[in-house]
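> Here you go, one structure.
There are 2 protein chains.
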Amino acid sequence: MDRISENIISKLLQNKKYPLLKNILVELNPFDIAEILDGVPLEQISTIFRLLPKELAAEVFVEMDSDQQETLIKACSDKELQAMMDELYVDDTVDIIEEMPATVVKRILRNISPDMRKSINLILHYPDDSAGSIMTTEYADLKKNMTVSEAFRRIRQTGVDKETIYTCYVTDESRHLLGSVSIEKLLYAKGSETVGDIMTTDIITVHTLDDKEDVAKVFDKYNLLAIPVADQENRLVGIVTVDDAIDVIQEEAEEDFIKMAAMQQNDEEYLKTKSIIHAKNRIIWLLVLMLSAAITGKIISGYENAFSAIPLLAAFIPMLMGTGGNCGAQSSTMIIRGLATDEIRLSHFLKVLFKEMRLSFLISLILVAVNTVRVLLQYGSDPEQIKLAIVMGLSLICTVFVANALGVILPMAAKKIRLDPAMMAAPLLTTVLDACSILIFFGIASAMFHL
Amino acid sequence: MDRISENIISKLLQNKKYPLLKNILVELNPFDIAEILDGVPLEQISTIFRLLPKELAAEVFVEMDSDQQETLIKACSDKELQAMMDELYVDDTVDIIEEMPATVVKRILRNISPDMRKSINLILHYPDDSAGSIMTTEYADLKKNMTVSEAFRRIRQTGVDKETIYTCYVTDESRHLLGSVSIEKLLYAKGSETVGDIMTTDIITVHTLDDKEDVAKVFDKYNLLAIPVADQENRLVGIVTVDDAIDVIQEEAEEDFIKMAAMQQNDEEYLKTKSIIHAKNRIIWLLVLMLSAAITGKIISGYENAFSAIPLLAAFIPMLMGTGGNCGAQSSTMIIRGLATDEIRLSHFLKVLFKEMRLSFLISLILVAVNTVRVLLQYGSDPEQIKLAIVMGLSLICTVFVANALGVILPMAAKKIRLDPAMMAAPLLTTVLDACSILIFFGIASAMFHL
């Protein structure tokens, strides 16, 4: 929401022009109203809220911040709360409940219908990352022997409470899924045909305990609007809709970004998170990596006499460690993302490793050529400098190969032992590679200069 | 597709059991058939393809690799090509054409209907990252004065060729968008009501030249299934559907991962890309960063006498550079992602910087405490070592502050001058920070030890 409209709203509120305010708000989208409310003092939110028609109020409520939702629930009478909860979809209610403190949850559960309460408890009971936790139990169901006209009658009667009616599911008496039929297909069919005649039986189903990330991949692969969710006994218990799949796709990408920068997960927005929480999410990895870097330091201090003999050696350390780290960041990012999107599988290990080795060859050739020219230009070309350039060149080649190899091996090994490959990204890998490149460098330098 | 089903298919092909093969294939999803074809020799693909019903064949074709599509088009007669192209949606055809060499494109354009050709040229004409490039021109349009019954009749007549009929768009004679109406709303309305009565006039529209990334954000924000696209004169020219939005969301995240690891964009899958292309995408940044690291090396070699005086100093370099780099990776990742998702805006600059400074304070306190204990335990606690620990502590504090500050400043500055903030991620930032931490370290060490 831009500043001008926020000004208008606050003016109207100040001057208590409620009917006018209402007329403006009902023209807006729930999301935009929620964004306006974000800038409004808490005590005025319930005033605005009471202006909205029941259904719109519920839609706005879903889009609000959990802090604001909590305040608003506390300001509501039981009757108002009940009216609003009646308008919400089950999966939205579950999302809200998951963010609320226990006392508020109790109040919500007291003020919803027994049916709704049952559905909510069903969904709350599934693990956090499962398909069950993101599904809604409100789907349109039809029976096989209904005619198309009967099907439309049923959809018209019951559809208003369903999250989507664009795909209807056909179940038998024991709720086993027999098929699905889209509204589109129903529209093109004759009124006298039965649902059983026109339904598709080749349907993609997921299970309640499937990873929600895999469910999102199914959406992407098959371009679906909704996927039915079955329980262990293959009975239909709910559906996941495409908007929830988009949320999962984005969450998972965010999670990988965070992990790949050596931080711990945080679901809140950056600006809304307190500094101390940010610090907590970052400090563990920083400590681990700092102490690991001390090992590299220890290795360097073992070569004190090399530094005294050829002080120039120290000048090459940043370049070597930097290049190793950058190569490792590149290869590990490709592998981690490939594993996340299923483009790369564990069975591709040798193929991937071989590819990285071939490109290490190409890359290190170019890097060494450019670096040799740079060293000779910068430090002259007497025999001692040429020897130094050779040490540098050999170290670069070995470092690039080791960096790209570890960029493949570490993430794939993590996946193999069921750790998240994303933790093997640049920060951890770089720390390992720093130690490797120092060992390579001083190993080669000691041999060449007989140190 | 698992190995067993691939075996079955290849057996059936070998033994020429075509009717049986056909019966199996028509039970499968287009995506799965495309995956099967991926493992089949090119000369057999057209055999399988000719077994499929026309509509299914077209759906499979869309899901195939562009290499395979090309082979198949070349193997088709003009008549076969024409039949298949008739079944494709405009936006899918555009996607295919964009991947084909010029000769194949000409053949395709020759074999499609004039209407289709016009639509394709329209879309091809929009820039790559624009809403126009991902839209389809096949939407269901209604008129304001149609009754609901007439609307249904029109949808039944023309809907089969539309990508989605779940949202219909209401336009006037000059194709200006007046409103939209969902099939759901049409279903709940009385047959005698007019479309104008029940349509929503508060519709979210995007423009042909809007960034497709922004279009994807609109989908996510408002949970839509389709968004209408208007041209400069505000006339409706097409719609973008949610499946295309999911593709954009994933592409954009991939792009950021790649850029943040200092690589150039590559649209092909990792395994299908030749090593030399991978090398090409990686080498530029590696060279730039390697040469920049030489500056840090130059700084170090300026402190040769410091090393000779206190050789232990070199042992602290990896820890200091490592910690600086890791802090920078953390803060820049938070900022780059925040900017990408609009959680953080340029106007938040001071707020974000202040937050990072507060958490730098917390983080550096803990790091210094742990590191001091480590140094004293490892090297003993005579006055000289304590002095060294103080140098280390002060350098750590300064480095953490600089790292987190640059992690905010560089991405936001990039955004300000309309560069992609993602290029300011760890690899580039680390190289800058390496130089900073070395300067800080030797500056403090020189002052304390009077070097």
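Those protein sequence lines, which keep their order, are chains A and B. First residue of the first sequence: 1, per our numbering; consecutive thereafter. First residue of the second sequence: 1001, per our numbering; consecutive thereafter. Even for Gly, the Cβ is constructed at its ideal location relative to N, Cα and C.
#1: Using three-state DSSP, classify A/Pro383 as helix, strand or coil.
#2: Leaving out five residues before and five after A/Met1 in sequence, what residues of the same chain have Cβ atoms less than 7 Å from its Cβ?
#3: For A/Pro228, which residues does DSSP report across the bridge?
#4: Report all residues from its chain with a CB closer than 7 Å to the CB of A/Ala83; omit the five preceding and five following residues, and keep chain order.
#5: Taking 8 Å as the CB-CB cut-off, is A/Ala261 touching chain B?
#6: Using C-beta distances below 6 Å, list every residue in its chain close to B/Ala1245, excluding the 5 sequence neighbours before and after it, in chain order.
#7: Rounded to the nearest angstrom, what separates B/Arg1107 and B/Leu1072 at their Cα positions?
#8: Could you round the C-beta distance between A/Pro411 and A/Ile335 to whole angstroms and report it? I think they count as a contact, below 8 Å.
#9: Got a sec? Which residues, its chain only, sit under 7 Å from A/Glu87 by beta carbon, not counting five neighbours each side?
#10: Would you mind sorting B/Glu1465 into buried or exposed? The rule is 16 or more other CB atoms within 10 Å of its CB.
#11: Assess contact between the segment 1101-1115 of chain B and the segment 1126-1133 of chain B, defined as three or more Cβ pairs (one per stretch) separated by less than 8 Å. Is contact present?
#12: Which word fits A/Ile366, buried or exposed, when buried means at least 16 other C-beta atoms lie within 10 angstroms of its C-beta?
#13: Given a cut-off of 8 Å, decide if A/Thr241 and A/Thr136 are closer than it, judged by their beta-carbon atoms.
#14: Using a Cβ-Cβ cut-off of less than 8 Å, give me the residues of the segment 1257-1291 of chain B that come near chain A, in sequence order.
#15: What residues match up with A/His176 in a beta bridge as DSSP calls it?
#16: Just curious, the alpha helix (DSSP H) that B/Ile1309 is in, first and last residue?
#17: Quick one, are the C-beta atoms of B/Thr1399 and B/Gly1324 less than 8 Å apart?
#18: Where in the segment 51-124 of chain A do unbroken runs of the alpha helix (DSSP H), each at least 4 residues long, occur, reported from the N-terminal end onward?
#19: Pick helix, strand or coil for A/Tyr188, following the three-state DSSP scheme.
#20: Touching or not, the segment 432-450 of chain A and the segment 310-320 of chain A, by the rule of three or more beta carbon pairs under 8 Å?
#21: When you check each C-beta in the segment 1314-1326 of chain B against every C-beta of chain A, which residues fall closer than 9 Å?
#22: Cα separation between A/Leu359 and A/Cys327?
#23: In whole angstroms, give me the CA-to-CA distance for A/Asp38 and A/Gln69.
#24: Strictly below 7 Å CB to CB, what residues from chain B border A/Thr136?
#25: Can you tell me whether B/Lys1259 is buried or exposed, with buried defined as 16 or more other CB within 10 angstroms of its CB?
#26: Would you call the CB atoms of B/Leu1271 and A/Ile344 closer than 8 Å?
#27: Can a CB atom of chain B be found closer than 8 Å to the CB of A/Glu343?
#28: Taking buried to mean at least 16 other C-beta atoms within 10 Å of its own C-beta, is B/Lys1274 buried or exposed?
#29: How do the segment 367-376 of chain A and the segment 290-300 of chain A stand: do at least 3 beta-carbon pairs fall below 8 Å, yes or no?
#30: By DSSP's criteria, A/Asp141 is part of a beta bridge. Which residues make up the other side?
#31: How close, in whole Å, do the beta carbons of B/Thr1194 and B/Thr1147 come, if the pair is a contact with beta carbons under 8 Å?
#32: Under 7 Å Cβ-Cβ, which residues of chain A neighbour B/Met1334?
#33: Within 10 Å of its beta-carbon, does B/Val1026 have 16 or more other beta-carbons around it, so buried, or fewer, so exposed?
#34: CB B/Glu1356 to CB B/Ser1331, shorter than 8 Å?
#35: Which residues of chain B have a Cβ atom closer than 9 Å to the Cβ of A/Ala405, listed in chain order?
#36: Let me check one thing: in DSSP terms, what residues is B/Asp1211 bridge-paired to?
In short:
#1: The count along the first sequence starts at 1 and reaches residue 383 of chain A at position 383. In the structure shown, A/Pro383 sits in a helix (DSSP, three-state: H, G or I).
#2: Along the first sequence, read from residue 1 onward, the residue named residue 1 of chain A stands at position 1. In this predicted model, A/Met1 has a pLDDT of only 46, less than 50, meaning its place in the structure is not dependable; the value taken from the coordinates is given anyway. Excluding residues within five positions, the ones whose Cβ falls inside 7 Å are Asp32, Glu35, Ile36.
#3: Taking the first sequence and counting its residues from 1, the one referred to as residue 228 of chain A is at position 228. A/Pro228 is bridged to A/Ile239.
#4: Position 83 of the first sequence, counted from the first residue, corresponds to residue 83 of chain A. Cβ neighbours of A/Ala83 beyond the five flanking positions: Lys54.
#5: The residue labelled residue 261 of chain A in the question sits at position 261 within the first sequence. The beta-carbon of A/Ala261 is placed less than 8 Å from the nearest beta-carbon of chain B.
#6: Stepping through the second sequence from its first residue, residue 1245 of chain B is reached at position 245. These residues qualify, in order along the chain: Ala1216, Phe1219.
#7: Taking the first residue of the second sequence as 1, we reach residue 1107 of chain B at position 107. Taking the first residue of the second sequence as 1, we reach residue 1072 of chain B at position 72. Approximately 13 Å, taken between the alpha carbons.
#8: Counted from its first residue, the first sequence places residue 411 of chain A at position 411. Counted from its first residue, the first sequence places residue 335 of chain A at position 335. The Cβ separation is near 5 Å, so the contact holds.
#9: Within the first sequence, the letter at position 87 stands for residue 87 of chain A. If we look at A/Glu87 and ignore the five residues flanking it on each side, its Cβ neighbours are Lys54, Glu55, Ala58.
#10: With chain B represented from 1001 up to 1451, any question about residue 1465 of chain B goes unanswered, as that position is not in the structure.
#11: Look at the beta carbons and you see the segment 1101-1115 of chain B not touching the segment 1126-1133 of chain B: under three pairs across the two are nearer than 8 Å.
#12: For the purposes of this step, residue 366 of chain A is identified with residue 366 of the first sequence, where counting begins at 1. Around the beta-carbon of A/Ile366, fewer than 16 other beta-carbon atoms lie within 10 Å, marking it exposed.
#13: Within the first sequence, the letter at position 136 stands for residue 136 of chain A. Within the first sequence, the letter at position 241 stands for residue 241 of chain A. Yes. Within cutoff.
#14: Within the segment 1257-1291 of chain B, the residues whose Cβ lies closer than 8 Å to some Cβ of chain A are Phe1257, Ile1258, Met1260, Ala1261, Ala1262, Met1263, Glu1269, Tyr1270, Leu1271, Ser1275, Ile1276, His1278, Ala1279, Arg1282, Ile1283, Trp1285, Leu1286, Leu1287, Leu1289, Met1290, Leu1291, listed in chain order.
#15: Position 176 of the first sequence holds residue 176 of chain A. According to DSSP, A/His176 bridges with A/Arg235.
#16: As a working note, residue 1309 of chain B is residue 309 in the second sequence. Residue identity differs from the one stated: residue 1309 of chain B is Ala in this sequence, not Ile. In this chain, the alpha helix (DSSP H) harbouring B/Ala1309 covers 1304-1309.
#17: Residue 1399 of chain B sits at position 399 when you count from the first residue of the second sequence. Residue 1324 of chain B sits at position 324 when you count from the first residue of the second sequence. In this structure, the beta-carbon distance from B/Thr1399 to B/Gly1324 falls below 8 Å.
#18: Within the segment 51-124 of chain A, the runs of alpha helix (DSSP H) that reach at least 4 residues and sit entirely inside it are, in chain order, 54-63, 66-75, 78-87, 90-99, 102-110, 114-124.
#19: In the first sequence, counting from the first residue as 1, residue 188 of chain A sits at position 188. The DSSP-derived three-state label of A/Tyr188 is helix.
#20: Proximity of the segment 432-450 of chain A to the segment 310-320 of chain A meets the contact definition, three or more beta-carbon pairs being nearer than 8 Å.
#21: The segment 1314-1326 of chain B vs chain A, Cβ under 9 Å: Ala1314, Ala1315, Phe1316, Ile1317, Pro1318, Met1319, Leu1320, Met1321, Gly1322, Thr1323, Gly1325, Asn1326.
#22: Counting from one through the first sequence, the residue named residue 359 of chain A turns up at place 359. Counting from one through the first sequence, the residue named residue 327 of chain A turns up at place 327. Straight-line Cα distance between these residues: approximately 11 Å.
#23: Position 38 of the first sequence, counting from 1, holds the residue named residue 38 of chain A. Position 69 of the first sequence, counting from 1, holds the residue named residue 69 of chain A. Going by the C-alpha atoms only, they are around 11 Å apart.
#24: In the first sequence, residue 136 of chain A corresponds to position 136, counting from 1. The premise fails here: A/Thr136 is roughly 13 Å from chain B at the closest Cβ pair, so nothing lies under 7 Å.
#25: Start at 1 with the first residue of the second sequence, and residue 1259 of chain B comes out as number 259. Buried is the call here.
#26: Reading the second sequence from its first residue, position 271 is the one you call residue 1271 of chain B. Reading the first sequence from its first residue, position 344 is the one you call residue 344 of chain A. Annotated as proximal: B/Leu1271 and A/Ile344, with beta-carbon spacing under 8 Å.
#27: On the first sequence, position 343 is the one that residue 343 of chain A refers to. At least one chain B Cβ lies under 8 Å of A/Glu343.
#28: For the purposes of this step, residue 1274 of chain B is identified with residue 274 of the second sequence, where counting begins at 1. With a 10 Å radius around the Cβ and a threshold of 16 neighbouring Cβ atoms, B/Lys1274 comes out exposed.
#29: Output reads no: the segment 290-300 of chain A does not touch the segment 367-376 of chain A.
#30: The sequence position of residue 141 of chain A within the first sequence is 141, counting from 1. Checking the DSSP bridge columns, you'll see A/Asp141 partnered with A/Tyr169.
#31: Residue mapping note: residue 1194 of chain B aligns to position 194 of the second sequence, counting from 1. Residue mapping note: residue 1147 of chain B aligns to position 147 of the second sequence, counting from 1. Indeed, because the Cβ distance is near 6 Å, the residues count as touching under 8 Å.
#32: Working through the second sequence from its first residue, we reach residue 1334 of chain B at position 334. Going along chain A in sequence order, the residues near B/Met1334 (Cβ under 7 Å) are Tyr270.
#33: Here the question's residue 1026 of chain B lines up with position 26 in the second sequence. The residue is exposed, with fewer than 16 neighbouring Cβ atoms inside 10 Å.
#34: Taking the second sequence and counting its residues from 1, one reaches residue 1356 of chain B at position 356. Taking the second sequence and counting its residues from 1, one reaches residue 1331 of chain B at position 331. Going by C-beta atoms, B/Glu1356 is nearer than 8 Å to B/Ser1331.
#35: In the first sequence, counting from the first residue as 1, residue 405 of chain A sits at position 405. Per Cβ cutoff of 9 Å: no residues; A/Ala405 is ~14 Å from chain B at best.
#36: Counted from its first residue, the second sequence places residue 1211 of chain B at position 211. Its beta-bridge partners are B/Ser1130.
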